[in-house]
Amino acid sequence: MKNLAFRAVRLFLRALFLVSVATPLAISYPLMKRNKDLHKAWLDWCVRGVELSGAAIVKLFQWASSRPDMFGEEFCRLFCKLQDETTPHGFGYTETMMQEAFGVGWREIIDIDATSPILGSGCIGQVYKGRMKATGRTVAVKVLHPNIQNGIDADIDILRSGARLLNLYIKNAKWLNCPGMVEEFNALLSEQLDLRNEAANLEQFRANFSDDPTVIFPLLMLPAKANVMVEEFIDGDHLNEFLRKNEGNKELKNKVCDNGIRVVCKMIFDHNFVHGDIHPGNILFTKEAPGVEPKMVLLDTGIARRFTKHDHEILVGVLTSFINGSGKKAAEYLIKDSLVSQSSPPVGVAGFTQVLDDMCEQAKRDHSFFDSIGNYVSTICNAAAKHQVMMNQGFVSIALTVRVMEGVALALNREAEVWRVANGIVLKAKAKSFLGKNVYDE
Numbered sequence: 001m002k003n004l005a006f007r008a009v010r011l012f013l014r015a016l017f018l019v020s021v022a023t024p025l026a027i028s029y030p031l032m033k034r035n036k037d038l039h040k041a042w043l044d045w046c047v048r049g050v051e052l053s054g055a056a057i058v059k060l061f062q063w064a065s066s067r068p069d070m071f072g073e074e075f076c077r078l079f080c081k082l083q084d085e086t087t088p089h090g091f092g093y094t095e096t097m098m099q100e101a102f103g104v105g106w107r108e109i110i111d112i113d114a115t116s117p118i119l120g121s122g123c124i125g126q127v128y129k130g131r132m133k134a135t136g137r138t139v140a141v142k143v144l145h146p147n148i149q150n151g152i153d154a155d156i157d158i159l160r161s162g163a164r165l166l167n168l169y170i171k172n173a174k175w176l177n178c179p180g181m182v183e184e185f186n187a188l189l190s191e192q193l194d195l196r197n198e199a200a201n202l203e204q205f206r207a208n209f210s211d212d213p214t215v216i217f218p219l220l221m222l223p224a225k226a227n228v229m230v231e232e233f234i235d236g237d238h239l240n241e242f243l244r245k246n247e248g249n250k251e252l253k254n255k256v257c258d259n260g261i262r263v264v265c266k267m268i269f270d271h272n273f274v275h276g277d278i279h280p281g282n283i284l285f286t287k288e289a290p291g292v293e294p295k296m297v298l299l300d301t302g303i304a305r306r307f308t309k310h311d312h313e314i315l316v317g318v319l320t321s322f323i324n325g326s327g328k329k330a331a332e333y334l335i336k337d338s339l340v341s342q343s344s345p346p347v348g349v350a351g352f353t354q355v356l357d358d359m360c361e362q363a364k365r366d367h368s369f370f371d372s373i374g375n376y377v378s379t380i381c382n383a384a385a386k387h388q389v390m391m392n393q394g395f396v397s398i399a400l401t402v403r404v405m406e407g408v409a410l411a412l413n414r415e416a417e418v419w420r421v422a423n424g425i426v427l428k429a430k431a432k433s434f435l436g437k438n439v440y441d442e
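So for the sequence shown, full-length UniProt numbering puts the first residue at 1; every next one is plus one.
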């Protein structure tokens, strides 16, 4: 009872704080938009307001800012700085965390220049450039921000309340399983609050892609601690800088784009271990000599997702059905959970199946339809809500992850053909499943 009262008070105070941040922005907008200088100041104020709103809100804006095709160029240009340029915490706190992690003699292990600019600051932590005293090797030192856990707990409580309100007052919203999405988001964010999880994920990704010369995951340099992680420093350009430097090199951008799509598809279908936080701030491209193809470097592996055998089979089955042009078969996979719970009306199941069948028929006429993942994800989710079909949570989760990945692909190549690269990998995964082999046996 005491815990419930505490959460209620925390929820109220957090909601009050968010309202106090958002209200001045909303009230001042009509005045600010009339003057160019004031409007620019107002936009900067918006970014700062999102920062103040906490890690969960910042994470949502990080993902949204990777989709200019959905939210517009100005929105993404404004909020992309949240990917690695949030306001950093002070170095005094970093010193405290380093001492807690490695003892009072931590400076004999790692040298961090407090006067140098930090490499990046995100919603969970910030990264310094350092040097191993014993070897002289350059490293990246990640330190969590202070008081992250309390802020995330309060934000998740607000999202839980919002999801419940959607179910109560928005017709058919319950079929999208918004509470389930919130709990999954909470689980993913919570994993990031212990850098030992990120270190374990990093080592798993390195093992999975040890034979792939196109992608690099940094090497862990010291055993990770809860609040501090030390990995090798890789000199490279972030996505936006890479695009600027190679603006006229369409062939290179297309090749790198295909490599990126292939890497993500291998995560999903070959490894069943997916980087859940792929946005431009977490991607580097190595600096190479002219004529040498740069390698993609994936950072910040704190969010990673494994799917249950049930969810993975549904995901592979759905996408294989789409590739084969069978909307009815795809619908069969997606409605399995609803049929088990007997929560969907027969007429709804029939309507949902018809929508997916029509979608595949459209794709046969318009071969570019499936090139945009956003097309089929939006259609499926809208149809599920309209026809009262409970969506498989694993499919929704991976669809959202892939939509963020698609935003990165489109930044590299506006004509990116995701399906052209993905088809072979998806069909291979289906063949393995048919033969009784899958990622759970390997």
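Every residue, glycine too, gets a C-beta built ideally from N, C-alpha and C. Since this is a predicted model, take the numbers as computed values, not measurements.
Check: From F79 to K336, what distance separates their C-alpha atoms?
Finding: Locating residue 79 in the sequence shown gives position 79, where the first residue counts as 1. Locating residue 336 in the sequence shown gives position 336, where the first residue counts as 1. If you draw a straight line from the Cα of F79 to the Cα of K336, it comes to about 39 angstroms.
Checklist line | Spatially closest choice to E251 from F217, V215 and V292, by CA coordinates | finding: Your numbering for residue 251 matches position 251 in the sequence shown. Closest option to E251, Cα to Cα, is V292.
Note to self: Across the region 156-169 and the region 232-252, are there enough close Cβ pairs to call them in contact, namely three or more that are closer than 8 angstroms?
What the structure shows: Touching, no, given that fewer than three Cβ pairs across the two stretches are closer than 8 angstroms.
Next item on the list: Using the Cα positions of A15 and I158, report the straight-line distance between them to the nearest angstrom.
Entry: Counting from one through the sequence shown, the residue named residue 15 turns up at place 15. Counting from one through the sequence shown, the residue named residue 158 turns up at place 158. A direct Cα-Cα distance of roughly 7 angstroms separates A15 from I158.
Checklist line | Paired residues, beta bridge with Q126 - DSSP | finding: For the purposes of this step, residue 126 is taken as the residue at position 126 of the sequence shown. Answer by DSSP bridge pairing, in chain order: S121 and V143.
Check: P280 and V408: beta carbons closer than 8 angstroms?
Finding: Position 280 of the sequence shown, counting from 1, holds the residue named residue 280. Position 408 of the sequence shown, counting from 1, holds the residue named residue 408. With contacts defined by Cβ atoms closer than 8 angstroms, P280 and V408 form a contacting pair.
Check: Since T94 and V21 are thought to touch, with beta carbons under 8 angstroms apart, how far apart are those beta carbons, to the nearest angstrom?
Finding: Against the sequence shown, residue 94 aligns to sequence position 94. Against the sequence shown, residue 21 aligns to sequence position 21. The pair is not a contact, with the Cβ atoms about 26 angstroms apart (cut-off 8 angstroms).
Checklist line | Endpoints, the alpha helix (DSSP H) within which I234 is located | finding: Here residue 234 refers to the residue found at position 234 of the sequence shown. Run containing I234: none; DSSP gives neither H nor E here.
Margin query: Let me check understanding here. Comparing Cα to Cα, which of L18, L43 and F17 lies closest to S28?
Written below: Position 28 of the sequence shown, counting from 1, holds the residue named residue 28. Ranking L18, L43 and F17 by Cα distance to S28 puts L43 first.
Notebook entry, point to check: According to DSSP, which residues form a beta bridge with A304?
Noted result: Locating residue 304 in the sequence shown gives position 304, counting from the first residue. The partner list for A304 (beta bridge, DSSP) reads H275.
Notebook entry, point to check: Which one or two residues does DSSP pair with Q314 in a beta bridge?
Noted result: Counting from one through the sequence shown, the residue named residue 314 turns up at place 314. At residue 314 the sequence reads Ile, which differs from the Gln that was named. Its beta-bridge partners do not exist; DSSP assigns none.
Check: First and last residue of the beta strand (DSSP E) that includes L298?
Finding: Within the sequence shown, the letter at position 298 stands for residue 298. Here the beta strand (DSSP E) through L298 covers M296 to L298.
Check: Is the beta carbon of A55 sitting closer than 8 angstroms to the one on L189?
Finding: Along the sequence shown, one-based indexing puts residue 55 at 55. Along the sequence shown, one-based indexing puts residue 189 at 189. Result yes, Cβ atoms of A55 and L189 sit closer than 8 angstroms.
Checklist line | Segment limits, alpha helix (DSSP H) that includes L252 | finding: By 1-based counting over the sequence shown, the position of residue 252 is 252. In the DSSP annotation of this structure, the continuous segment of the alpha helix (DSSP H) that includes L252 starts and ends at K250 to C265.
Next item on the list: Note down the Cα distance separating F185 from I152, rounded to an integer number of angstroms.
Entry: To locate residue 185, count along the sequence shown from 1; it is residue 185. To locate residue 152, count along the sequence shown from 1; it is residue 152. Roughly 11 angstroms between the two C-alpha positions.
Next item on the list: With hydrogens ignored, establish whether the beta-carbon of T214 is closer than 7 angstroms to any heavy atom of the ligand PLP.
Entry: The ligand PLP is not part of the structure shown, which contains no ligands of any sort.
Item checked: Identity of the residue in M98, I109, A101 and G122 nearest Q83 by Cα -> Taking the sequence shown and counting its residues from 1, the one referred to as residue 83 is at position 83. Comparing alpha-carbon positions, the option among M98, I109, A101 and G122 lying closest to Q83 turns out to be G122.
Next item on the list: Would you mind reading off the limits of the beta strand (DSSP E) that contains I112?
Entry: Sequence index remark: in the sequence shown, residue 112 carries index 112 (1-based). Residues I110 to I112.
Next item on the list: Please report how far the alpha carbon of I124 lies from the alpha carbon of H310, in whole angstroms.
Entry: Here residue 124 refers to the residue found at position 124 when the sequence shown is read from its first residue. Here residue 310 refers to the residue found at position 310 when the sequence shown is read from its first residue. Using only the alpha carbons, I get a separation of about 32 angstroms.
Next item on the list: Grab me the residues of D358's own chain with a C-beta within less than 8 angstroms of its C-beta, minus the 5 sequence neighbours each way, in chain order.
Entry: Numbered from its first residue, the sequence shown carries residue 358 at position 358. Excluding residues up to 5 positions away in sequence, G327 lie with their Cβ nearer than 8 angstroms to the Cβ of D358 in the same chain.
Checklist line | Buried or exposed (CB count within 10 angstroms, at least 16 for buried), D155 | finding: In the sequence shown, counting from the first residue as 1, residue 155 sits at position 155. In this structure D155 is buried. Its beta-carbon is surrounded by 16 or more other beta-carbon atoms within 10 angstroms.
Notebook entry, point to check: So, L202 versus A226, is the Cβ gap smaller than 8 angstroms?
Noted result: Your numbering for residue 202 matches position 202 in the sequence shown. Your numbering for residue 226 matches position 226 in the sequence shown. For L202 and A226, no; Cβs fall outside 8 angstroms.
Next item on the list: For I216, name the three-state secondary structure that DSSP assigns.
Entry: Against the sequence shown, residue 216 aligns to sequence position 216. In this structure, I216 counts as strand in the three-state DSSP scheme.
Notebook entry, point to check: Can you give the Cα-Cα distance for S53 and G260, rounded to whole angstroms?
Noted result: Numbered from 1 along the sequence shown, position 53 holds the residue referred to as residue 53. Numbered from 1 along the sequence shown, position 260 holds the residue referred to as residue 260. Each residue's CA atom was taken as its position, placing S53 and G260 some 32 angstroms apart.
Item checked: Which of helix, strand or coil DSSP assigns to L25 -> Counting from one through the sequence shown, the residue named residue 25 turns up at place 25. Here L25 sits in helix by DSSP.
Next item on the list: Give a yes or no on whether the C-beta atoms belonging to M296 and I283 are separated by under 8 angstroms.
Entry: Here residue 296 is taken as the residue at index 296 of the sequence shown, counted from 1. Here residue 283 is taken as the residue at index 283 of the sequence shown, counted from 1. A contact, by the Cβ cut-off of 8 angstroms.
Notebook entry, point to check: If we call anything under 8 angstroms between Cβ atoms a contact, is T115 one with K129?
Noted result: For the purposes of this step, residue 115 is taken as residue 115 along the sequence shown, with counting starting at 1. For the purposes of this step, residue 129 is taken as residue 129 along the sequence shown, with counting starting at 1. Going by beta carbons, T115 and K129 fall outside the 8 angstroms limit.
Check: S321: which of G162, Q126, A363 and A289 sits nearest, CA to CA?
Finding: Along the sequence shown, one-based indexing puts residue 321 at 321. Looking at G162, Q126, A363 and A289, the one whose alpha-carbon comes closest to that of S321 is A363.
Note to self: Alpha carbons only, please: which of L193, T286, L315 and A224 is nearest the one belonging to N150?
What the structure shows: The residue given as residue 150 occupies position 150 in the sequence shown. Measuring from the Cα of N150, the nearest candidate turns out to be L193.
Margin query: For the beta strand (DSSP E) containing F285, name the first residue and the last one.
Written below: In the sequence shown, the residue the question calls residue 285 occupies position 285. Segment I283 to T286, the beta strand (DSSP E) holding F285.
Margin query: Quick check on this structure: which residue in D258, P346 and I314 has the alpha carbon closest to the alpha carbon of L412?
Written below: Within the sequence shown, the letter at position 412 stands for residue 412. Per the C-alpha coordinates, the member of D258, P346 and I314 positioned closest to L412 is D258.
Note to self: What would DSSP say about R137, mapped onto helix, strand or coil?
What the structure shows: Working through the sequence shown from its first residue, we reach residue 137 at position 137. Looking at R137 - three-state DSSP - the assignment turns out to be coil, as it is neither helix nor strand.
Next item on the list: Look up I85 in the DSSP assignment and give the residues it is bridged to.
Entry: In the sequence shown, the residue the question calls residue 85 occupies position 85. Looking at the sequence itself, residue 85 is Glu, so the reference to Ile does not match. Answer is S121, bridged to E85.
Notebook entry, point to check: Three-state secondary structure (DSSP) at M221?
Noted result: Position 221 of the sequence shown, counted from the first residue, corresponds to residue 221. In this structure, M221 counts as coil in the three-state DSSP scheme.
Item checked: Distance between V230 and G276 (C-alpha atoms, nearest Å) -> As a first step, residue 276 is located in the sequence shown; it is residue number 276 there, counting from the start. As a first step, residue 230 is located in the sequence shown; it is residue number 230 there, counting from the start. C-alpha of G276 to C-alpha of V230: approximately 21 angstroms in a straight line.
Check: Below 8 angstroms between beta carbons: does that hold for N208 and H145?
Finding: As a position in the sequence shown, residue 208 is number 208, starting the count at 1. As a position in the sequence shown, residue 145 is number 145, starting the count at 1. Taking C-beta atoms as the reference points, N208 and H145 fail to come closer than 8 angstroms.
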